[in-house]
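Residue numbers (our numbering): -13 to 233.
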C-alpha cells in the first residue's frame, strides 16, 4: 500500500453493494498509475449486507488505501457524499472525486476527469452520458433519454446555464470548490449532484463536462422517478423565489 499522503480522495457512497463493490475497487486500483496518490473513502450508508466486509477484504488484497465510514441507518445518497467530502477535506486532499460503488460509472475514465483539474482547466469536471447522444447509443432507454434531455433543458432555462445534464453521479472537484460551496446545507437525497453543480457554477467555478460511457442494466436503479422529479422541481422553485443560495 502506498504510504504517500494522498492528493486524491475518491468518495464512494455504498448501500447494499456487496455484489459490485469489490469489482469497482479492483477496476479503480488498476488506474493508480494514471492518478495522483489516492485513497478511497467508502461511506457505507446503512447497508444490511456484507458491503463493508467485502470492500475491506478487496482493498487489502489489491493494496488499495481504503477507509470506511458507517452510517447506522440509511441517510441518503446526498448525506453519504457529505460525510465523505467532510472526511476528504479533513485529510487535506487536493482533489475530491465521486464514484458509485455499483459499477454504473467506469473507473477507467477517472484519469480523464482528473486531468482537467490537474491541468487547471476546470474546478469541476463532470462526466456526462448525454453529450453527443452517447447515452442513447450505449443503451439508455429512449424514454429516459428524452426525459433527461427535457429536464436538463428546463433547468438550463431556469438557472441561466448551458449544461448537458445536472444529474451525473460521476464528478471530480477541486479543494477550492468544496471549501466554497456550503455542501452541508444541500439535500441529503439524490439531487445532491445537481445542487453541487448549480452552486459551483453560480459561484463562478469553471465547470467542464466530459463524455463518458455508462452501464444500463434493467432493474439496477432503486430511484423512483416521481419523487426525484418532485425534488428537481423544488430546486427550481427555490431558485426562482430567492436565487437559491445566492442572495
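Glycine included, each C-beta is placed from N, C-alpha and C at the ideal position.
Item checked: Contained alpha helix (DSSP H) runs [length at least 4] in the stretch 106 to 150, N- to C-terminal order -> DSSP runs (the alpha helix (DSSP H)) wholly in the stretch 106 to 150: 120 to 123 and 128 to 145.
Notebook entry, point to check: Do residue 25 and residue -8 have their C-beta atoms within less than 9 Å of each other?
Noted result: yes
Notebook entry, point to check: What residue from 109, 97, 113 and 129 has the CA that sits closest to residue 19's CA?
Noted result: 97
Check: Just to confirm, are residue 57 and residue 88 a CB contact at a threshold of 9 Å?
Finding: Not closer than 9 Å, so no.
Notebook entry, point to check: Is residue 145 closer than 9 Å to residue 115 when the C-beta atoms are compared?
Noted result: no
Item checked: residue -5 versus 28, 126 and 9, residue with shortest Cα-Cα distance -> 28
Item checked: DSSP state of residue 36 mapped onto helix, strand, coil -> coil
Checklist line | Where the alpha helix (DSSP H) through residue 159 begins and ends | finding: Per DSSP, residue 159 belongs to no alpha helix (DSSP H); it is in the beta strand (DSSP E), 157 to 160.
Next item on the list: Could you tell me the boundaries of the alpha helix (DSSP H) in which residue 104 lies?
Entry: 96 to 104
Notebook entry, point to check: Which residue from 199, 216 and 222 puts its Cα closest to that of residue 123?
Noted result: 199
Notebook entry, point to check: Which two residues bound the contiguous beta strand (DSSP E) that contains residue 53?
Noted result: Where residue 53 is concerned, the enclosing beta strand (DSSP E) stretches over 52 to 57.
Notebook entry, point to check: Since residue 83 contacts residue -3 with CB under 8 Å, what's their CB separation in whole angstroms?
Noted result: 7 Å
Next item on the list: Might you give, ordered along the chain, the residues of its own chain that have their beta carbon closer than 6 Å to the beta carbon of residue 10, omitting 5 neighbours on each side?
Entry: 87 and 89
Notebook entry, point to check: Going straight from the alpha carbon of residue 222 to that of residue 49, what length do you get?
Noted result: 44 Å
Note to self: Which residue marks the beginning of the beta strand (DSSP E) containing residue 81, and which one marks its end?
What the structure shows: 81 to 84
Next item on the list: For residue 214, collect the residues of the same chain with a Cβ closer than 6 Å to its Cβ; drop the 5 residues on either side in sequence, then sort them by chain order.
Entry: 176
Checklist line | Buried/exposed call for residue 196, threshold 16 Cβ in 10 Å | finding: buried
Note to self: I need the straight-line Cα distance from residue 61 to residue 148, nearest angstrom please.
What the structure shows: 31 Å
Item checked: residue 211 burial status per 10 Å Cβ neighbour count (16 or more: buried) -> exposed
Check: Who does residue 216 pair with in a DSSP beta bridge?
Finding: DSSP lists no partner for residue 216.
Next item on the list: Apply the 10 Å Cβ neighbour rule to residue 68 and answer buried if 16 or more other Cβ atoms are within range, or exposed otherwise.
Entry: buried
Note to self: For chain C, check one thing: does any of its Cβ atoms lie closer than 9 Å to the Cβ of residue 36?
What the structure shows: No chain C is present in this structure, which holds just one protein chain.
Check: Roughly how many angstroms separate the alpha carbons of residue 220 and residue 21, rounded to a whole number?
Finding: About 37 Å.
Notebook entry, point to check: The beta strand (DSSP E) spanning residue 195 covers which residue range?
Noted result: 193 to 197
Next item on the list: Output the distance between the C-alpha atoms of residue 159 and residue 81, rounded to the nearest integer angstrom.
Entry: 6 Å
Item checked: 8 Å contact criterion, which residue 65 and residue 174 should meet: CB distance rounded -> 4 Å
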